[in-house]
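Written out below as structure tokens is the structure these notes cover.
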Amino acid sequence: MVTALQDNERKDWDTYFMDIAYMVSTRSRCPRRHVGAVLVQGKKLLGTAYNGAPMGVADCSEAGCMIVEELEVNVVGEEEQMIKKQRCIRTIHAEQNLLLFTDRIDREGSTVYVTDQPCWTCANMLANSGVKEIVYHRGYPKDSEKVVALMRQRGIVFRCLDRYEPPAQAGMSVIS
Ligand SMILES: [Zn+2]
Ligand SMILES: [Zn+2]
0 MVTALQDNER KDWDTYFMDI AYMVSTRSRC PRRHVGAVLV QGKKLLGTAY NGAPMGVADC
60 SEAGCMIVEE LEVNVVGEEE QMIKKQRCIR TIHAEQNLLL FTDRIDREGS TVYVTDQPCW
120 TCANMLANSG VKEIVYHRGY PKDSEKVVAL MRQRGIVFRC LDRYEPPAQA GMSVIS
């Protein structure tokens with residue numbers, strides 16, 4: 000016999016939609032980072048996206064990552080250090096794919112759940128997309144202050160689900 004879940008065992012909406020974002024992220028073929036994003040209007044799922052190469056183009060699993068090296072400022076206490084970071088630029092970011100595959104009218108006043116805190120470019124695009132709330136799980140320190148300031152300026156709710164635990168089958172370690 001199947002018994003119904005008690006109310007306290009039932010997933011809240013944040014967990015529910017973030018779980019979906021994590022499951023979507025498993026479609027990504029970039030070994031460095033799997034990012035998933037979903038668009039939610041009210042309680043309705045209106046779109047899903049992950050980071051990947053454009054359609055019909057060899058992805059990271061076939062052609063390898065397209066690595067660039069960038070210098071980044073790393074602040075330790077009072078000290079600023081320049082550190083070299085490697086990034087894969089083969090993929091369109093999940094948030095950008097989400098914007099490419101959803102309609103503006105569906106995005107007005109909506110919420111985006113995304114596994115990782117958006118980078119500056121994605122944040123800038125989301126800020127102009129009609130989305131009113133962005134919920135993320137894993138932090139992304141690069142440009143984080145600028146992103147937070149931008150969201151505040153645009154009146155977009157920007158929150159981290161810090162107590163959230165991703166589903167075991169969707170977890171992966173991230174190369175930062
Ligand atoms: Zn890659
Ligand atoms: Zn991005």
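Numbering that gives the first Met the number 0 numbers the first residue of the sequence shown as 0 and each following residue consecutively. Heads up, the beta-carbon is just placed ideally off N, CA and C, and yes, glycines get one too.
Beta-carbon proximity list for residue i, same chain, < 6 Å, skipping 5 on both sides
| i | result |
| --- | --- |
| E68 | K83 and Q85 |
| Q80 | N73 |
| G138 | Q116 |
Close Cβ partners of residue i (< 8 Å) along its chain, the five nearest in sequence each way excluded
| i | result |
| --- | --- |
| G46 | V37, L38, L97, F100, T101 and D105 |
| V111 | A36, V37, L38, V39, E94, L97, L125, V130, E132, I133 and V134 |
| V147 | F157 |
Residue i Cβ short of 6 Å to ligand 2 heavy atom set
| i | result |
| --- | --- |
| C118 | yes |
| H33 | no |
| C121 | yes |
| H92 | yes |
Residue range of the alpha helix (DSSP H) that includes residue i
| i | result |
| --- | --- |
| T200 | Shown here, the chain extends from 0 to 175; a query on residue 200 therefore has no answer. |
| R106 | R103 to R106 |
| V147 | S143 to R153 |
| S109 | No alpha helix (DSSP H) holds S109; DSSP gives it neither H nor E. |
| E60 | The sequence given here places Ser at residue 60; Glu does not occur at that position. Element bounds for S60: C59 to A62. |
| E94 | A93 to L99 |
N- and C-terminal bounds of the beta strand (DSSP E) containing residue i
| i | result |
| --- | --- |
| L44 | K43 to Y49 |
| E77 | No beta strand (DSSP E) contains E77, which DSSP labels as neither H nor E. |
| E132 | E132 to R137 |
| R9 | Where R9 is concerned, there is no enclosing beta strand (DSSP E), given that its DSSP letter is neither H nor E. |
| A36 | G35 to Q40 |
| C159 | V156 to C159 |
Own chain partners of residue i with C-beta closer than 7 Å, once the 5 adjacent residues on each side are dropped
| i | result |
| --- | --- |
| A169 | Y21, M22, S24 and T25 |
* Can you list every residue whose CB sits closer than 7 Å to some heavy atom of ligand 1, going in chain order? -> Matched residues: C29, P30, R31, C59, C64, M65, C87, R89 and T90.
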